[in-house]
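Data block below; observations after.
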Amino acid sequence: MTGRWFVRRASAGLVVLFTVVLINFVIPRMMPGNPIDKFAGGVKLTVEARQALIARFGLDAPLWQQFCHYFINAFRGDFGLSFSYFPTPVLDVVAQALPWTLLVLGFALILQVIIGYILGVTSGWKAGSNVDSVLQTGSLAVFSTPVFWLGMVFLFIFGFQLGWFPLVGAHSIGTEYSSTLEHIADIMKHAALPIIVLTIGQYAVYQLILRNTMVGVLREQYILTAEAKGLSENRIKYRHAARNALLPMVTFLALSSAMAVGGSVYVETIFSYPGIGLLIYDSVLSRDYPVMQGCFFMFGLVVVIANFIVDILYMYLDPRIRY
Amino acid sequence: MLKKKQLIEFWRVYKQRKTAVFGLAIVVLFVIVIILAPHIAPYDPSLTVGRAFDPPSWEHLLGTNDIGNDILSELIFAGRISLMVGFICASLIVMTGSIVGLVSGFLGGIVDEVLMRITDIVIALPRLPLMIVMAAYMGPGMWTIIFVYSVVGWASLARQVRSQVLSVKESTFIEASRAMGAGNTHIMASHILPNVIGIILINGVMEIMFAILTEAGLSFLGLGDPTHESWGVMLYFAQIQGAFIRGAWWWIFPPGLCIALISCGFNFIGTALNDLFALKLGKR
Amino acid sequence: MKQKKLLTLIGSLCLILALVAIPFTACTPEEVTPTPPEEEEPTPPAEKSVVQIGWSETPQAGMNPFLARNEGDYLYLGLMYEPLCMPMMSGTVEPWIAKSWEYKPEESTWIFHLDERAKWSDGEPLTADDVKFTFETAYKYDFSLGATTEAFVDSIQAIDGHTVSFKMKEPSAAFLSLAGGTLIMPKHIWSEVDQVDEYPNPNPVGSGPFLFKEFVPRQYFIAVKNQDYWRGPAYIDEVVIRCYSNMEAAIMLMKRGEIDIMPDLSGQEALIPALQEDPAVNVVVDKWPHDFYLAVNFRSYPLNLLKVRQAMNVVIDRRAVIQNALGGYGEYPPLMGYVPPALSKWADTDLVWPYTDMSEEERVTEANAMLDDLGFKAGKDGIRVTDKGKKIEFRLRVMTWPSYIRAAEQVKKDLEKIGIECNILTSDPETLYGGIIYSGERTEDWDLLVHGSTVGTVDYIARDWAPEPPTSWCNGPAFGWENEETVSLMQASRREMDETKRLAIVKKWQKLFADELVVIMLGHRLHPAAYRTDRLTDWNPARINYVGALHPLGSIQNLLSVRPINK
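Protein chains in written order, with this note's numbering: chain A, 195 to 517; chain B, 1354 to 1637; chain C, 23 to 589.
Below, the structure is given as structure tokens:
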């Protein structure tokens, strides 16, 4: 059973990645002009130099040949060479950036879920009360605030004005650490603001979903039974009600991962944090199209893997589902 | 007659919710301000009317930017672009999303299968990076943003509409009218559409919010059109022209607050509608 | 039970994250390609002195000097590699690896005598073979490193270990200063490399005063002092170049004392006051060989009429352009002859924009009078109509960079006053330049263009406007401009060996250029930079003029000169 489930999930993921590669291939070729002009990045090219580049990137081959070539290379992890870091393969550039994004995104996601969970349970348990409406309104307001602006304001206040956090980068440069612990502390200090901003920017969704399902669950028969049995409030709240309300939240986690990675683009750009979010931004600025495509692919991969993990989570949480 | 009654009833319930009324008030206020922009704005936003980086004063209520433009006037005119982008995007998405959803749900079969597979993929794609990639190739601009947002954004609505259509389709009164010889178009227009209108409305309102937020974000990343200044473009300029380092909070805070307020407004409305329709559906 | 499961799950997720993070963080310091600093002295210095440089981008060439093409690449690579000579902004050329040179007119040959002390960081001597190899490889692969001189050179010969000769195809005065744009590379390393154009050069061996230590693209670059540097070691132990996409953060770090040098603040003019208020920071403003102008498409009517260009030239408010677009950091009034004032030896200062004393109304009146002379009457909407019955409406193309857009907006505003309508069309640089202006395919898609460029020397200007043979990617053909007299003068100025005559020719074509208003010059960007005075002393910013230009504070002369202040 698990084998079949695995195959199904994996093929769904592959289809997504396939689409990403397809988009990467098609879009530049749909635009007016030759993709090679993008290589020059505004630099004047002689006719011969242009021809040489076209030949070198195989752009004079028939379209279907280019397509096959591109696909095989993409799934081998070969996205060509970066324009702006020229002799470096795109994969190297992207691989260097990926761990930083995973770090920030991962911690932010965990914090979002935890905070959303706690607030959602609190709010849903007392649905209709003042606490509930304050929590709901507040979260809606926070959710409406643009993440990048939140980042700007946080950088302004906590970075520039108060000086509590570093302004740029993922770690100090040229410092020698006396211990691994110190090294980790330094890294976490740099990651703190991005994580906080991402968390604030997106926790609200989880809270609202949890709250609404919680309200529904509380009306169900077995909760009433539990109450009648005289179980303690906390026990009912966290053991019975919230657990059942968790499922829609997890479903949403899967749905939203495609959107959630977007936050990292803003946050990394603002805090000059060297992950793929900043890389895709930089590559757009410097017109480094291969790196840009590599980043897009990598984001796709992150989303696919995240969904995979969520599926496993789901299996853990819902006893009814046995794949 | 019934329609009017329904509307009155709807408004009665709606106005009991403070946040919903508040949201509506914000949106109405903003819309009035941007319609009357040329009459309200104290200056022409494109002219240099003061010293650079002047803090707020009676002359310039929100101060000036790096070349001495009045920020309040800029803010009012930028609202036009932001809201316009929001409305256009939302309409496009509502159109595509509901057509795909209706067709898919109603026709079923192979059409449904194909459309839903596409929808699944679009939903699973990383949204912002996809928009960035597309915008980068198409060149920066307001219409680019509108296009990429609409191309990427329709999927979740389509899925919701489809499932709603499916649930209505199974219900007895459709079968009854089919038995009475009603055609597809008739059934679609008179039975299915009224039932999905709620979902479309809610999504439409929320999409305005998401579109405004996304436009601001993409503009902030430099993919916007600097000659059509929206709130996002204002923040982009503020960021690169040194608003932080010069301590010009009056240039950073207002555009962000405007975006937050207007999306809050739409969000409150959308949430209220959601609850109201859920209530209505629950009753039936 | 379920809750426990959930907890373990969250716990294991955290663990996974930590596992991802830890090997990565642990591997960061290991990425250092080990170039063990040769510390034979048993007494290590108490504290190493470091110069921190803030820069906006990673070197595009990576560590491969053959691919170097902009000033950023030279900033990084110039620490480790050196050129034959250093062309200075003032017009002189100073010796570097070559201690002297001579020109043999009868053979059209430049001969360079190399300094015998010069050697590579691995101990090998630097010889004429290395020079020959570098230039020939650059020519063979068409690298930008040699692109500047390729057209002149017929052949290169190593006469003896320390003498190398370049035979010219025809007399060329420009060669000497252009040769300074080529960094010399070790033959014994690079002749072993298979694909020179894709070699990442992970462990650079150079002749320069600093040795490669560590490079993380987009983040930082560290070089340490070369104790055995042939001209005598630097006073500072380490140079760190930190790369920022967020310049505000970089400026904040400078105020906090974490950055010593910001070699280039142009484009960031609005941020400068924040540095000026700091007593420990010195902001310097240099002249720069830069032209900021309105280019005209000569194919479009009525822009090809001199009268129309003159009217535009009168009415555009240069002071406002410089204020709004360049944050006040531009030279006013501009020189109309295309040679910017920074190239003081060549620039004709008589060709200054002549309307400085006129008020705005006077200028508008005069410009209107010019257009009235042509018989272009204004329609009901205030826009003039040409004799062909068409409204004067121009497509004003511009890049999406803020300073360019601000300039375009000013131009639009000013031209409106004389009944000319402009539609500003923005595009990203590569669509604009690669697709529209220089592709030769969409020549009708634009009328006006706000354009800026760092022009280098007069020889570069001549190459850009009078290319031999003509190609679409040079300014003259791209803008649809033809003028045989000016073009032949420009070509002659590259060949003339007699300095006085050369100057006369350059002045002559400047005059023709200005009279014809080939471009409408708006201003010349000045070059602000900043450094902290509290940790280092003995600053010696050298104004070198490489391919584009090198920033004085980041120049090798400066980094060899600065020393830490002993407290």
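Each residue gets a CB set at the ideal place from its N, CA and C atoms; glycine is no exception.
Task: Residue nearest to V336(A) in terms of C-alpha spacing, selected from L402(A), K320(A), S458(A), T369(A) - done: Nearest C-alpha to V336(A): L402(A).
TODO: Under the assumption that V305(C) contacts A552(C) (Cβ atoms under 8 Å), give the Cβ distance between them as a whole number of angstroms.
DONE: With 8 Å as the limit, V305(C) and A552(C) qualify as a contact, their Cβ atoms being about 5 Å apart.
Open item on the list: Once DSSP output is grouped into helix, strand and coil, what is the label at T555(C)?
Closed with: It is coil, neither helix nor strand.
Open item on the list: Residues of chain C with CB closer than 7 Å to the CB of I367(A), please, in chain order.
Closed with: Within 7 Å Cβ-Cβ: Y242, V262, R264.
TODO: Would you check if the stretch 1534-1553 of chain B and the stretch 1578-1585 of chain B touch, i.e. whether three or more CB-CB distances between them fall below 8 Å?
DONE: When Cβ pairs closer than 8 Å are counted between the two stretches, the stretch 1578-1585 of chain B is seen not to touch the stretch 1534-1553 of chain B, the count staying below three.
Task: Cβ neighbours of G84(C) in the same chain (closer than 6 Å, five flanking residues each side left out) - done: Take G84(C), set aside five residues on each side of it, and the residues of its chain with a beta-carbon closer than 6 Å to its own are P222, in chain order.
Task: Close-in-space but distant-in-sequence residues of the same chain around L1614(B) (CB under 7 Å, 5 per side omitted) - done: Short of 7 Å from the beta carbon of L1614(B), and not among the five residues preceding or following it, lie these beta carbons of its own chain, in chain order: I1379.
TODO: Quick one: which residues of the stretch 1607-1633 of chain B get their C-beta closer than 7 Å to a C-beta of chain A? List them in chain order.
DONE: Only G1609, I1612, A1613, S1616, C1617, N1620, F1621, T1624 from the stretch 1607-1633 of chain B bring a Cβ to less than 7 Å from some Cβ of chain A.
Task: Proximal residues to F491(A) (C-beta, below 6 Å), its chain only, five neighbours per side dropped - done: Contacts found: V214.
Open item on the list: Just to check my reading of the structure: H473(C) and W310(C) have Cβ atoms closer than 8 Å, yes? What is that Cβ distance to the nearest angstrom?
Closed with: Not a contact, Cβ separation roughly 16 Å.
Open item on the list: So with CB distances below 7 Å, who are the chain B contacts of F301(A)?
Closed with: Taking the beta carbon of F301(A) as reference, no residue of chain B falls within 7 Å; the closest one sits roughly 19 Å away.
Open item on the list: Against chain C, does R1433(B) count as a neighbour if the rule is that its beta carbon must be under 8 Å from one of theirs?
Closed with: For R1433(B), the answer is no, since every Cβ of chain C falls outside 8 Å of its Cβ.
Open item on the list: Among A1564(B), P1579(B), L1382(B), whose alpha-carbon lies nearest the alpha-carbon of I1429(B)?
Closed with: Comparing Cα-Cα distances from I1429(B) to each of A1564(B), P1579(B), L1382(B), the minimum goes to L1382(B).
Open item on the list: Give me the chain C residues within the contact set of Q1359(B), using Cβ-Cβ distance strictly less than 9 Å, ordered along the chain.
Closed with: Within chain C, not a single residue places a beta-carbon under 9 Å from that of Q1359(B); the smallest gap is close to 45 Å.
Task: Exposed unless 16 or more other CB atoms sit within 10 angstroms - verdict on K410(C) - done: It counts as exposed.
Open item on the list: If you reduce the DSSP assignment to three classes, tell me which class V209(A) lands in.
Closed with: Of the three classes helix, strand and coil, the one that applies to V209(A) here is helix, per DSSP.
Task: Residue ranges of each alpha helix (DSSP H) within the stretch 309-368 of chain C, 4 or longer - done: The qualifying runs are 328-337, 340-348.
TODO: Check whether the Cβ of F1590(B) lies closer than 8 Å to any Cβ atom in chain C.
DONE: The beta carbon of F1590(B) sits closer than 8 Å to some beta carbon of chain C.
Open item on the list: Looking at the strands, I want to know which residues DSSP matches up with I283(C).
Closed with: The partner list for I283(C) (beta bridge, DSSP) reads I75(C), Y553(C).
Open item on the list: Suppose you measure from the CA of W487(C) to the CA of G498(C); what does that come to, to the nearest Å?
Closed with: Cα-Cα distance, rounded: 5 Å.
Open item on the list: Please list, in chain order, the chain B residues whose beta carbon lies closer than 7 Å to that of S449(C).
Closed with: What S449(C) touches in chain B: G1492.
- [ ] Please report how far the alpha carbon of G235(A) lies from the alpha carbon of L1460(B), in whole angstroms.
- [x] Only weak support is given to the placement of G235(A): the predicted model assigns it a pLDDT of 43, under 50, and the value that follows is read from those uncertain coordinates. Cα to Cα, G235(A) sits roughly 48 Å from L1460(B).
Open item on the list: Under 9 Å, CB to CB, which of the residues in the stretch 1477-1491 of chain B have a partner in chain A?
Closed with: Close to chain A, meaning a Cβ-Cβ distance shorter than 9 Å, are the following residues of the stretch 1477-1491 of chain B: A1477, L1478, P1479, R1480, L1481, P1482, L1483, M1484, I1485, V1486, M1487, A1488, A1489, Y1490, M1491.
- [ ] Could you check the C-alpha separation between Q1517(B) and V1549(B) for me, to the nearest Å?
- [x] C-alpha separation (whole angstroms): 6 Å.
- [ ] For P1391(B), decide whether its Cβ has a neighbour in chain C, counting only Cβ atoms nearer than 8 Å.
- [x] P1391(B) does not count as touching chain C.
TODO: Could you name the residues of chain A that E69(C) contacts, counting a contact when the two beta carbons are closer than 7 Å?
DONE: Within 7 Å Cβ-Cβ: nothing; E69(C) doesn't reach chain A, min ~13 Å.
Open item on the list: For Y397(A), would you say it is in contact with chain E, using Cβ-to-Cβ distances shorter than 8 Å as the test?
Closed with: Among the protein chains of the structure shown, namely A, B and C, there is no chain E.
Open item on the list: Determine, for D272(A), whether the minimum Cβ-Cβ distance to residues of chain C falls below 8 Å.
Closed with: Not an interface residue.
Task: Best match in Y242(C), I527(C), D450(C) for proximity to L1576(B) [C-alpha to C-alpha] - done: It is D450(C) whose Cα lies nearest to the Cα of L1576(B).
Open item on the list: Given a cut-off of 8 Å on the beta-carbon distance, is the pair P586(C) and R557(C) in contact?
Closed with: Contact flag set, yes.
- [ ] Alpha carbon to alpha carbon, how far is V288(A) from E506(C)? Give it in angstroms, no decimals.
- [x] When only Cα atoms are considered, E506(C) and V288(A) end up about 51 Å apart.
TODO: Name, please, each residue of chain C whose Cβ falls closer than 8 Å to the Cβ of P1579(B).
DONE: By Cβ distance, chain C contributes T422, P424, I427, T448.
Open item on the list: Looking at the secondary structure, which residues open and close the beta strand (DSSP E) in which C265(C) lies?
Closed with: First-last of the beta strand (DSSP E) with C265(C): 260-265.
TODO: Would you give the residue range spanned by the beta strand (DSSP E) that H135(C) belongs to?
DONE: Where H135(C) is concerned, the enclosing beta strand (DSSP E) stretches over 131-136.
- [ ] Taking L590(C) and G441(C) to be in contact with their CB atoms under 8 Å, please state how far apart those CB atoms are, rounded to whole angstroms.
- [x] Past the boundaries of the shown model lies residue 590(C); chain C is included only from 23 to 589, so the question cannot be answered.
TODO: May I ask you to report which of helix, strand or coil DSSP gives T1372(B)?
DONE: Under the three-state reduction of DSSP output, T1372(B) falls in the helix class.
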